[in-house]
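Letter 162 of the sequence shown, counting from 1, is numbered 175 in the numbering used here, and no numbers are missing. Working notes, beginning with the structure itself.
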Amino acid sequence: MKKELKIILIVIIGCIVMAFTDGLWQPGYALKSAVKIFFFLGLPVVFLRKDMNSKLFGLKKKNLPKLLLLGSVIYGIILTAYFILGPYFDFSSVVSGLEEQLGVNANNFIFVAVYISIVNSLLEEYFFRGIAFIELKSLTSRRFAYGFSAGMFALYHVAMLIGLFDWYLIVLMLVALIVGGFIFNYINEKEGSILASWAVHLFANLAINTVGMILFGII
């Protein structure tokens, strides 16, 4: 099987499995994370390890301050958007949904938030940017790799958003995720490393988790 087809199938299978896990199975967060690690990290390593040729984890140190600044700006934008738009929406279903679907509550949210910000974001960068973009771009057209990576990154989040937000917020978030996917891809294209987009992704997750802590009454 050609490498590009392997990559496309691995990404689609991983997203389908996670959609089933998030939307139908709905195990606890620990088990869900184990499933994600297997399909987002284990599957690519097993089936692509002999074909991997990109240096996915290199990073130009001189660009780190710029990436951290960009991440800080994104953090500020997300929080500002929440404080401006928050009063117009009811987010109570988010808290109840996290508790019922994933077993996430005020007592364990800090641990989950740290995991999401650091580990989960790096896992997603490896899968959607390292495999579905950098590796795929070397085998297919640049346009296809951009669209496939950003599109699958957005669609992957659909199942976890259903039940937590109203449909119009889900649509808005999907648009934001697609745009975010293109931005992450662009950063990686310039740096040739998933650590570049991970630095920015980390700040975006920190902002979302800050909102979560506000909703849970932790801060």
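We treat Cβ as the ideally placed atom computed from N, Cα and C, and that holds for glycine.
- Counting only the Cα atoms, residue 40 lies some 10 Å from residue 113.
- DSSP, read as helix, strand or coil, puts residue 175 in strand.
- In this structure the region 82-98 does not touch the region 159-167; the number of beta carbon pairs closer than 8 Å is below three.
- Taking the CA atoms as reference points, residue 136 sits about 31 Å from residue 97.
- With respect to the 8 Å criterion, residue 229 and residue 94 are not classified as neighbours on the basis of their beta carbons.
- Separation of residue 145 and residue 179 (C-alpha to C-alpha, rounded to the nearest whole angstrom) is 29 Å.
- Put simply, the region 184-203 does not touch the region 121-129. Fewer than three CB pairs are less than 8 Å apart.
- The three-state reading of DSSP puts residue 55 in helix, counting H, G and I together.
- The criterion of a C-beta distance shorter than 8 Å is satisfied by residue 71 and residue 206.
- For residue 217, the uninterrupted alpha helix (DSSP H) segment begins and ends at 207-228.
- Closest by C-alpha distance to residue 139, out of 58, 108 and 48, is 58.
- Annotation: the continuous alpha helix (DSSP H) that includes residue 198 extends over 180-204.
- Minimum Cα-Cα distance from residue 166 among the listed residues 226, 104 and 53 corresponds to 53.
- Residues of the same chain with a CB within less than 7 Å of the CB of residue 81, apart from the 5 flanking positions on each side, are 212 in chain order.
- Residues of the same chain with a CB within less than 7 Å of the CB of residue 174, apart from the 5 flanking positions on each side, are 183 and 186 in chain order.
- The beta carbon of residue 226 lies closer than 6 Å to those of 232 in the same chain, with the five residues before and after it left out.
- Here DSSP, grouped into helix, strand and coil, assigns residue 40 to coil.
- Taking all protein chains shown into account, residue 169 has 16 or more neighbouring C-beta atoms within 10 Å of its C-beta and is therefore buried.
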